[in-house]
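Notes for the one structure printed next.
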Amino acid sequence: MIREPLIFELSDQEKSAFLWPPLDVPAPKEKLAGLPLRQEISDFPQVSEPEVVRHFHRLSRTNYSVDEGFYPLGSCTMKFNPKVNEKVAALSGFTGGHPLLPEDLVQGNLRVLKWLEELLKEITGMAAFTLQPAAGAHGELTGMMLIRSYHERQGHPRKYVLIPDSAHGTNPSSAHLCGYQVIEIKSNEQGTVDLAALREAMTEEVAALMITNPNTLGIFESNISEIADIVHQRGGFLYMDGANMNALMGRFRPGDSGVDVIHLNLHKTFSTPHGGGGPGSGPVGVSEKLEPFLPVPVVVQEGDRFRLDYNRPYSIGRVRSFYGNFLVVVKALAYILALGSQGLKEVSGIAVLNANYIRRSLEDVYYLQYTTPTLHECVFSDKFQRKYGVNNLDIAKRLIDYGLHPPTVSFPLTVHGALMIEPTETESKRDLDMFIQAMRKIAQEAAQQPELLKEAPHTTYVRRLDETRAARQPVLRWRPEGSDRE
Amino acid sequence: MIREPLIFELSDQEKSAFLWPPLDVPAPKEKLAGLPLRQEISDFPQVSEPEVVRHFHRLSRTNYSVDEGFYPLGSCTMKFNPKVNEKVAALSGFTGGHPLLPEDLVQGNLRVLKWLEELLKEITGMAAFTLQPAAGAHGELTGMMLIRSYHERQGHPRKYVLIPDSAHGTNPSSAHLCGYQVIEIKSNEQGTVDLAALREAMTEEVAALMITNPNTLGIFESNISEIADIVHQRGGFLYMDGANMNALMGRFRPGDSGVDVIHLNLHKTFSTPHGGGGPGSGPVGVSEKLEPFLPVPVVVQEGDRFRLDYNRPYSIGRVRSFYGNFLVVVKALAYILALGSQGLKEVSGIAVLNANYIRRSLEDVYYLQYTTPTLHECVFSDKFQRKYGVNNLDIAKRLIDYGLHPPTVSFPLTVHGALMIEPTETESKRDLDMFIQAMRKIAQEAAQQPELLKEAPHTTYVRRLDETRAARQPVLRWRPEGSDRE
Amino acid sequence: MKYISLSTQDIKEMMKVIGIDHLDDLFTTIPEKIRYPGALKIPGPFSEPELVQLFQEMAEHQNSYASLTSFLGGGAYPHFIPAVVDYVSSRGEFVSPYTPYQPEVSQGTLQAIFEFQTLICQLTGLDMANASLYDGASGAAEAVLMASRITRRPKVVLAASLHPQYRQTIRTYCRNIGLILEEVAFTEEGRVDLESLDKLVDNQTAAVVVQSPNYFGVVEEWAPVFQISRQKGALGIAVIAEALSLALLQPPGEAGADIATGEGQSFGLPLAYGGPYLGFMACRQEFIRQFPGRIAGETIDVEGRRGYVLTLSTREQHIRREKATSNICTNQAWCALRATIYLELLGRRGLRELALHNFYKANYLREELSKIPGLSLKFKGPVFNEFVLQLPVAPSQLEPYFREKKIIPGVKLEEDYPQLKNCLLICATEVHSKDQLDKLVEVMAAALDHRPKKGGQS
Amino acid sequence: MKYISLSTQDIKEMMKVIGIDHLDDLFTTIPEKIRYPGALKIPGPFSEPELVQLFQEMAEHQNSYASLTSFLGGGAYPHFIPAVVDYVSSRGEFVSPYTPYQPEVSQGTLQAIFEFQTLICQLTGLDMANASLYDGASGAAEAVLMASRITRRPKVVLAASLHPQYRQTIRTYCRNIGLILEEVAFTEEGRVDLESLDKLVDNQTAAVVVQSPNYFGVVEEWAPVFQISRQKGALGIAVIAEALSLALLQPPGEAGADIATGEGQSFGLPLAYGGPYLGFMACRQEFIRQFPGRIAGETIDVEGRRGYVLTLSTREQHIRREKATSNICTNQAWCALRATIYLELLGRRGLRELALHNFYKANYLREELSKIPGLSLKFKGPVFNEFVLQLPVAPSQLEPYFREKKIIPGVKLEEDYPQLKNCLLICATEVHSKDQLDKLVEVMAAALDHRPKKGGQS
Ligand SMILES: Cc1ncc(COP(=O)(O)O)c(C=O)c1O
Ligand SMILES: Cc1ncc(COP(=O)(O)O)c(C=O)c1O
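So the protein sequences, as listed, match chains A, B, C and D.
Under this note's numbering, think of the first position of the first sequence as 1, with each following residue one higher.
Under this note's numbering, think of the first position of the second sequence as 1001, with each following residue one higher.
Under this note's numbering, think of the first position of the third sequence as 2001, with each following residue one higher.
Under this note's numbering, think of the first position of the fourth sequence as 3001, with each following residue one higher.
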């Protein structure tokens, strides 16, 4: 395979990939006089169009993607991204509109926003939604701000937020960013929230409990109603991380069970593509109590007209510019409408079926720390394999040699050496079986040829990379050879 | 790498990848009564949308392409395809128009057609063009038909067409399809048309001489004017295969040197993509004498209006439906306008420079049968390597292991074991050098480890394929297992 | 120049390697007196923003038709194109390679062709198919040439209801090799007149060429046609201009056709003002050596793994030269890829359903129009998705009125068939909503009412 | 359902393996009383043709604006997007992977991020950059939080000429952690009032946040601003809402900024009614441990080949949890990819030329408008591609007239700045032809003429 250099290494100042039309207005140099100018940017790339296209074409081919195959990254819900969604989001009516256009010219855009809000309300049972957060973590922060604002209005913002130990890292981080101290709640043996521990921790200084449901072990928090009661009794709020909503659509509505705030990840549950790390969209749904605090602007429907409402005295304010990742919203709306009510329920059904099929097919060869029934994902660990000196990362890397993407290995922290597998509903039995076979084969290899795993992957564009070196001697940008730094 | 099955092997009759809206008109079954109906097509595929997308995604990744890299397939002019051309050809105004729309509604389309005709006239010096032929060979056939019609009008279609032995296979085939017998003209030691042989063969029974210029050795037929004279003196026509026009743009106009008919390959010289084997477009340019014979319809400009003229009594008739591969024409027009006069000349200059750079850089390790200066391509042979039991195909396959596409090895027939290399103008020096280095390395390998070449390629999705078996026991379609045939 | 990847420095170094001082030195083999001295009169260079604007203007110039409802068919059919087709087919790996001469790095293209061939066999009910031909018209011509090679007979009988452009193309192709073309008329029903056909076909006849649904949208009975051809030792060539019909109607192979060929535009290709489209062809196994066009075949690699190659190339121009079965080289591979994606996406059920929708839409429209006093159905034969309506006046008289109502009602047939005076060929597919069909009916009625009082308004 | 790849048979087999009879059996951990009993009230399923039509209708509903000429800027800028950007970025390999947690199968994304980081460093003149943030506004807020972490001081000074939405976002982010925000006014020139700034900043100040070109389009002198911050031990945060300006103006790093952050939408992202856009951030090397967001770094693989990984993750939420430098996880990677393609395509010269075109177009328009009697330039400071025009009346009064002429003349400033009565923020970029600029001038003059006689017509 040809090794693709950095674009800077292909650059030659006399090439060019793009031509602008001649300037059609006068351009007297002296006009520039008053400005603090820079020189042309030295070492900025300068290549031809064929070189740019080939550069990215070749780079792209070193990526694994959902379009290529199975991507069971737990918690990330890497489902197939329907292509019609890309098509409708590329309509010039959607891509071309300036965000400050007068409202009468953007009724279609506003309708898209409002419509998705309404559908998310129906799916979750929440009273209101904001679509502004740009990702799940942004939604968490927004949600925590709503809670804090509410408490503040009551006279005291409170001090703590309770978070189970198995939570995604963004939860504690978001709570902290919102000025709260985090109290970790240990999970019980079933892998769920320990009610006793919760009761004990839940004081009037606690602003909220943030739970993920199904949690990061894939387990449904069956005591959700009791949990809500406990939290509510002390005047706290129940925040649900809804990143795993894919397991629940059409089967459980958080808003009906006492959840006060939820964020959803459109780039997980609602199939908008991840783009190698965004853009996402993290809508936040709230109960009536919290609605007055939603960020501005809020889309308001009056008859068949829509407008943006800024006159919201209790609002936490803005959490970003304009109105959210609009084109992501367009895709999610197209997805939901393509499925309809039945389709959404089928999604959760098949997503959970696929996960349980994998769980059942691997539980004899990989250790299952929690035997509680799980929904959309299952979390094994490397416990059986550790005796051969093999860990979850080795297993993950070896999967790559089988042409498959590894599961999540970095969390939940409650499972040492976790292998967190989320197949999603879009996979075929053939692909599931391919994964199962590979995992079983790897379990054998771990016993018989552990070095095969430890040295994996063998077939990729680069082999195992030295992450420690990257962190210890950070090289975070290219510099021309012979330049004085780095 | 995961091996992708045939779609039929993924099929399951209960899956589905596409949904139609409900039918909105009455659908009484009895209406079908009068029709000879079929059953639903048995064994026709039935899969999900994710499966279709992944199927083709995975298949695509087993292809090498110009977007990926160097593709020096001689005679095929595999240059980079500018992306803006795809964009303009995808404008709904161009893709959406039915070919039988009234002329007043398709003025823009007609303008595109007429404009490209005019530009091709300017580039070649011909008097008129038709854009109808769908590919080069179709253009050849059309061109020969024009010649034949002319001769017929003179009372006698004549019997023979002269074609040099180095010609592309389509030339004799097209002449034959047009009812002519082919007389092969041997090349001289310089690799060009032997004037004496030509004089001898050129009788009043010869309808035309078909030459390629620069010919398939990359050599310019310097005696083109003399050749034209010889042919014209006997009342014959000079047909030039213009597939190699990339070498000549802005430097030589065939129409100025006695060429009577020429076809161009828009999918070579004018950068429209090859699509894995078409669609192409093979416009035919003619001298004034032949203009009345052009296929119908002809686009006519009257003031600033355009219309389609069918009233052409001498016309050979239609050579296909409608007006040619219109969207290909759009792309070629965009290409020419993006370059302008200077740009086109630069294209031929750099294309020839690149070819000569390769020629010079390899002539010590690969045998050059003809030492005549060449233009846009150079033809080596495997003569030096044959002593190691290695042939041109082995060299070609070994190049694949270096991440490069092989050159043409199937012709010209005048060079035994030919390696016909055409780099085109869009390649970077880096890519050229990579190719040169690989070729030099392979020359070494041929001497030292010939089996490396004979077993190549080693790194591909499939390795060397058994072409003999494919031809001897033809399997040309899938059939369900256990079916009675094949 | 932005499509060139050499810097001035590169060029200098390379010229040094070659031993020249100037690019022009590379062109000394072009005698000076014929070297082009000046600069071509070609506008540009256009920058990308200018280019986009210019083409947008040209594309919009006719974009008036975007706001019109058209019922044009006649060999090019408006169909919905699923997003997946554009998405997948636009991948550089499919768009930018050459014909798969090096199979080891072209399996994607080759396997797709193999699947395409299989789909075409399944659709036509025949044994083998090729990788594509230019279009339906030239495909029909190739089929005729093939039949003449096989039978070595001099005559070919064409149905008069074969698409006029196909007949013209066959004529152009055949003239030079001395094939004699005859036409067989159609009945009142709009079908091939079997009696005349039986008389026309004799032991000098190489082939009988019949289209179904024919140019008038009427579905032919193929079986009796091919029975006649077979009896006389001629080949039966089935032409299908609306490939979608194959999902509903008896496949030609089953009805006795020896060769089936046609236009695949309906399978995921835009109307695109007539091209690029997709010629397809299938035939019985026994004709394998005379079959034109590229063919992919299955084989194995040195490790025994399944793979695909272009095969049977001894039929082809690059091996056989003037003795080739066809001169075709570049064909319509990418269009065939799109058809493959389209067909595999729709699948067995989706394709069938679509065909039924087309059938019911067109037949609904036909029935509703025929209720309007003064209008009549020209042919009584059953139709698929288009049909011929006879008006009491020349359609061109009503044209201004239709235009005002933003409708293009159909193809006027009189130019090609003088006997079909005042006739319109009207097509309806899944892209037409019932509302649009009803509007055509309404406007048609109004147009007729309108006419006596003073023709269309402008 | 078309996005699900299991057949009924598959489902049966799988249920058997699991040991259940019905899909619902998988959900028994949801207590029955809270299991959702009914069917959600969600319309659909919409077939693809219906979906496309529906969205086309919604997209066109506002498409009236396609025919308008807009001079809106104010944080979102109309720029030409080269075809290569769409083409390359839409490849499934870029669109459909997750964050590159497994670097061995994500080198494409990672190397692109590494190049993006380099480009941002080159543009800003700073040492290190991250892989992206949500947008310019939240990026500015992240920068403020970062400064507060570094300095542990409680106050932040914002320029009043910082984009109002950015100030509001900073406010929202800061409120909960007790940071005190102060604003520094602008001068007659439209620039930060340095004297007031000098007074406001003290040893309790964590950061000074200044945008250039600022919200009024006026190019700030960054150097004296950051001199003040530095003297007081505060960090200097440069905000750039129009990233293109970085190609022409002194890079903030050179002018002494500690952190630069902004909005990269101008680099190949469509206006898209406000998102997705592209937050970027760069800083001095010394702040590496407090830097928020994903970062790609170079390393080697076991064979010593160069490769890229996400690095310095000990700053991040998934390792540090509540002690992370930010909660960001999913960012705007694909938008950063588009910016990378865009910048590499335009290159050094193309980007500079584009910046100059923007500068000259806006300044031409500014000059021409200022010649109209009754109009005046609100600020005398030099501008990049937008500027503030003061009208003799409220712009809303002229709006109907402008609308009739198909023009959206700019952003009304009075809502956000009551002191800027009758002021319009007008933007011109390369997408505006001279004809369009001249037309605005003409219509503006006419609108004013028009007004006394009776306001705009409707
Ligand atoms: C359970 C859970 N919560 C929150 C997040 C954060 O979402 P985002 O990455 O969109 O910020 C994720 C995503 O990884 C998640 O899996
Ligand atoms: C010299 C020459 N002539 C003719 C042709 C035939 O062109 P096409 O493949 O478009 O039919 C080719 C293409 O391979 C060629 O190289």
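For each residue, glycine too, the CB sits at the ideal point set by N, CA and C.
Item                                                                                                                                                                    : Value
Give the residues of chain C in contact with Pro3045(D), contact being defined as C-beta atoms less than 9 Å apart.                                                     : None at all; the shortest Cβ gap to chain C is about 14 Å.
As an exercise, report each continuous beta strand (DSSP E) stretch of at least 3 residues that is fully enclosed by the segment 298–383 of chain A, in chain order.    : 298–302, 305–309 and 378–381
Would you kindly work out how many angstroms separate the C-alpha atoms of Val352(A) and Gly69(A), rounded to a whole number?                                           : 19 Å
Measuring straight from C-alpha to C-alpha, what distance separates Pro474(A) and Asp382(A)?                                                                            : 30 Å
Who are the neighbours of Glu49(A) on chain C, taking C-beta pairs under 7 Å?                                                                                           : Lys2002 and Tyr2003
So Met3128(D) contacts chain A; which residues on that side make the cut at Cβ distance below 7 Å?                                                                      : Leu476 and Arg477
Taking its Cβ as the centre, do 16 or more other Cβ atoms sit within 10 Å of Thr111(A), making it buried, or is it exposed?                                             : The residue you asked about is not Thr; residue 111(A) is Arg in the sequence shown. So Arg111(A) ends up on the buried side.
On the three-pair Cβ rule with 8 Å, is the segment 2094–2112 of chain C touching the segment 2308–2321 of chain C?                                                      : yes
For Val2208(C), tell me which candidate among Phe2216(C), Ala2238(C), Tyr2215(C) and Gly2217(C) has the shortest Cα-Cα distance.                                        : Ala2238(C)
Using CA atoms only, rank isn't needed, just tell me which of Gly2268(C), Val2201(C), Phe2055(C) and Tyr2360(C) is closest to Gly1108(B).                               : Phe2055(C)
Among Ile2020(C), Val2095(C), His2079(C) and Ala2255(C), which one has its Cα closest to the Cα of Cys2427(C)?                                                          : His2079(C)
Just by C-beta distance, which residues in the segment 2317–2338 of chain C are closer than 8 Å to chain B?                                                             : Gln2317, His2318, Ile2319, Arg2320, Arg2321, Glu2322, Lys2323, Ala2324, Ser2326, Asn2327, Ile2328, Cys2329, Thr2330, Asn2331, Gln2332, Ala2333, Trp2334, Cys2335 and Leu2337
Indicate the three-state DSSP secondary structure (helix, strand or coil) for Phe270(A) in the structure shown.                                                         : coil
Decide yes or no for the touch test of the segment 218–227 of chain A against the segment 369–386 of chain A: beta carbon pairs closer than 8 Å, at least 3 of them.    : yes
So with Cβ pairs under 8 Å, would you call Glu3060(D) a contact of chain B?                                                                                             : no
Can at least three beta-carbon pairs, one atom from the segment 36–50 of chain A and one from the segment 2001–2014 of chain C, be found at a separation below 8 Å?     : yes
Using the DSSP secondary-structure output, state which residues sit across from Ala2207(C) in a beta bridge.                                                            : Val2156(C) and Leu2235(C)
Check whether the segment 1325–1342 of chain B and the segment 1353–1360 of chain B are in contact - that is, three or more C-beta pairs closer than 8 Å.               : no
According to DSSP, is Lys1015(B) part of a helix, a strand, or is it coil?                                                                                              : coil
Applying the criterion that 16 or more other CB atoms from any shown protein chain within 10 Å of the CB defines a buried residue, is Tyr1310(B) buried or exposed?     : exposed
Does the Cβ of Thr1426(B) have 16 or more other Cβ atoms within 10 Å, making it buried, or fewer, making it exposed?                                                    : buried
Provide the residue span of the beta strand (DSSP E) that contains Asp241(A), from first to last.                                                                       : Phe237 to Asp241
Throw me the rounded Cβ distance for the Val319(A) and Thr142(A) pair, which I believe falls under 8 Å.                                                                 : 5 Å
DSSP three-state call for His2357(C): helix, strand or coil?                                                                                                            : helix
Flag this pair as yes or no: are the beta carbons of Leu1344(B) and Met1240(B) separated by less than 8 Å?                                                              : no
Got a sec? Which residues, its chain only, sit under 6 Å from Glu117(A) by beta carbon, not counting five neighbours each side?                                         : Phe129
On the premise that Arg1464(B) lies in contact with Glu2104(C), defined as a C-beta separation below 8 Å, what is that separation, rounded to the nearest angstrom?     : 7 Å
On the DSSP bridge assignment, give the partners of Val2218(C) in chain order.                                                                                          : Val2383(C)
For Gly1242(B), I'd like the list of residues in its chain whose CB is within less than 6 Å of its CB, leaving aside the five on either flank, ordered along the chain. : Ile1262, His1263 and Leu1264
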